[in-house]
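Asks: In mature numbering (1 follows the signal peptide of the UniProt record, and there is no 0), the protein residues as written are -23 to -1, 1 to 239. So that we are looking at the same thing, I have put the structure below in structure tokens.
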């Protein structure tokens, strides 16, 4: 697979655990910031240049007003959601296929999910984490291809600060994120990083959000948003609740429920 990703995961798994979001939300490597902004043709040619300018902040009212003129039709939203589900199913099938013979059955059992393995970077992780990482990588590459065919403006794994009192949000650039990770990641607590964000051309003006979940077991059940743990800034709320508060009502949770191993 071509090299698409630039974030270093050595410290990110630890930070993810700090944020309480590892098992089902990480991709094996974090994708680049693909903020496909029509105002910057260079972004299409060089994804590394996307979303790396001065940090912008926008309030909910401004963002909502800007998004109205770019709203997706119900038919298009239904179609895009179906494609994101296809990407999730493709990811699960592709990853489990290449791991054929690793588990007792076609899919891992609960005990196997908790067993330790080594990821692509040589780090010790559970199978649940490794599978989530690898499935996210495939799903995000698939989403990039499908949304690119539609000529939509979107970002993969953008990181936002969100002020619940003012409803303002701002982008964290890849460089800032990397620096915060080097500092231990404490200041990343409470930030939001949805998998796929379709926007107006400005990632702060969000049209719809898609987030992939790949639980290690119970694929026959609909995916669920995780609940933030005690002590977290969003304690007791679900990830979906906070995403809707930050990005608006059009937030979709996508899981793999079909495919070869269904």
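Even for Gly, the Cβ is constructed at its ideal location relative to N, Cα and C. If you're wondering where the values come from, they're calculated on a predicted model, not measured in any experiment.
What do you get for residue 210, buried or exposed, if any count of 16 or more other CB atoms within 10 angstroms of its CB means buried?
Replies: Under this definition residue 210 is an exposed residue.
Asks: Which word fits residue 172, buried or exposed, when buried means at least 16 other C-beta atoms lie within 10 angstroms of its C-beta?
Replies: Buried.
Asks: Here's a check: name, in chain order, each residue in its chain whose Cβ is nearer than 7 Å to the Cβ of residue 72, leaving out the five neighbours to either side.
Replies: Counting only Cβ-Cβ distances below 7 Å, and skipping sequence neighbours, we find 108, 111, 112, 115.
Asks: Would you identify the three-state DSSP class for residue 102, choosing helix, strand or coil?
Replies: Residue state, collapsed to three classes: strand.
Asks: Alpha carbon to alpha carbon, how far is residue 147 from residue 199?
Replies: Whole-angstrom Cα-Cα distance: 31 Å.
Asks: Using 8 Å as the threshold, is the C-beta distance between residue 234 and residue 216 below it?
Replies: Their beta carbons are not under 8 Å apart, which means residue 234 does not touch residue 216 by this criterion.
Asks: Could you tell me the boundaries of the alpha helix (DSSP H) in which residue 240 lies?
Replies: This structure gives no information on residue 240, because the portion of the chain shown stretches from -23 to 239.
Asks: Alpha carbon to alpha carbon, what distance is there between residue 162 and residue 52?
Replies: Approximately 40 Å between the Cα atoms of the pair.
Asks: Relative to the C-alpha of residue 118, which residue among 67, 58, 47, 143 is closest?
Replies: Measuring from the Cα of residue 118, the nearest candidate turns out to be 67.
Asks: Are there three or more Cβ pairs, one per stretch, closer than 8 Å when the segment 185 to 192 is compared with the segment 149 to 158?
Replies: The segment 185 to 192 vs the segment 149 to 158: no contact.
Asks: What do you reckon, are the CB atoms on residue 174 and residue 131 nearer than 8 Å?
Replies: Closer than 8 Å, so yes.
Asks: Who pairs with residue 229 in a beta bridge, going by DSSP?
Replies: According to DSSP, which records beta bridges pairwise, residue 229 is partnered with 187.
Asks: Please classify residue 83: is it buried, with 16 or more other beta-carbons within 10 angstroms of its beta-carbon, or exposed?
Replies: It counts as exposed.
Asks: Drop a sphere of 10 angstroms on the beta-carbon of residue 177, count the other beta-carbons inside from all chains shown, and report buried for 16 or more, exposed for fewer.
Replies: Buried.
Asks: So, at 6 Å on beta carbons, what are the nonlocal neighbours of residue 124 in its own chain, with the 5 sequence-adjacent residues on each side left out?
Replies: 131, listed in sequence order.
Asks: Could you tell me which of 165, 212, 224, 205 sits nearest to residue 179, measuring between CA atoms?
Replies: Closest option to residue 179, Cα to Cα, is 224.
Asks: Are there 16 or more other CB atoms within 10 angstroms of the CB of residue 61, so buried, or fewer, so exposed?
Replies: Buried is the call here.
Asks: Do you know offhand how far residue 218's Cα is from residue 229's?
Replies: If you take the alpha carbons of residue 218 and residue 229, they lie about 11 Å apart.
Asks: In whole angstroms, what separates the C-alpha of residue 212 from that of residue 142?
Replies: Cα to Cα, residue 212 sits roughly 16 Å from residue 142.
Asks: Spatial neighbours of residue 92 within its chain, please: C-beta separation below 8 Å, excluding the five flanking residues on both sides.
Replies: Cβ neighbours of residue 92 beyond the five flanking positions: 103, 104.
Asks: Let's test the definition: count the other Cβ atoms within 10 Å of the Cβ of residue 207 and tell me whether it reaches 16, buried, or not, exposed.
Replies: Residue 207 comes out exposed.
Asks: Can you say whether residue 220 is buried or exposed, counting buried as having 16 or more other CB atoms within 10 angstroms of its CB?
Replies: Buried is the call here.
Asks: Does the Cβ-Cβ distance between residue 137 and residue 169 come in under 8 Å?
Replies: Against a cut-off of 8 Å, the Cβ pair of residue 169 and residue 137 comes out as a contact.
Asks: How long is the line joining the alpha carbons of residue 205 and residue 214, rounded to whole angstroms?
Replies: Those two C-alpha atoms are separated by around 6 Å.
Asks: Under DSSP, the beta strand (DSSP E) around residue 70 begins and ends at which residues?
Replies: Looking at the DSSP string, residue 70 is not in any beta strand (DSSP E); the run it does join, the alpha helix (DSSP H), is 51 to 75.
Asks: Just to confirm before moving on: does the CB-CB distance between residue 121 and residue 129 stay below 8 Å?
Replies: The answer is no: Cβ separation not under 8 Å.
Asks: For the alpha helix (DSSP H) that residue 157 lies in, which residues bound it at each end?
Replies: Counting along the chain, the alpha helix (DSSP H) containing residue 157 begins and ends at 151 to 159.
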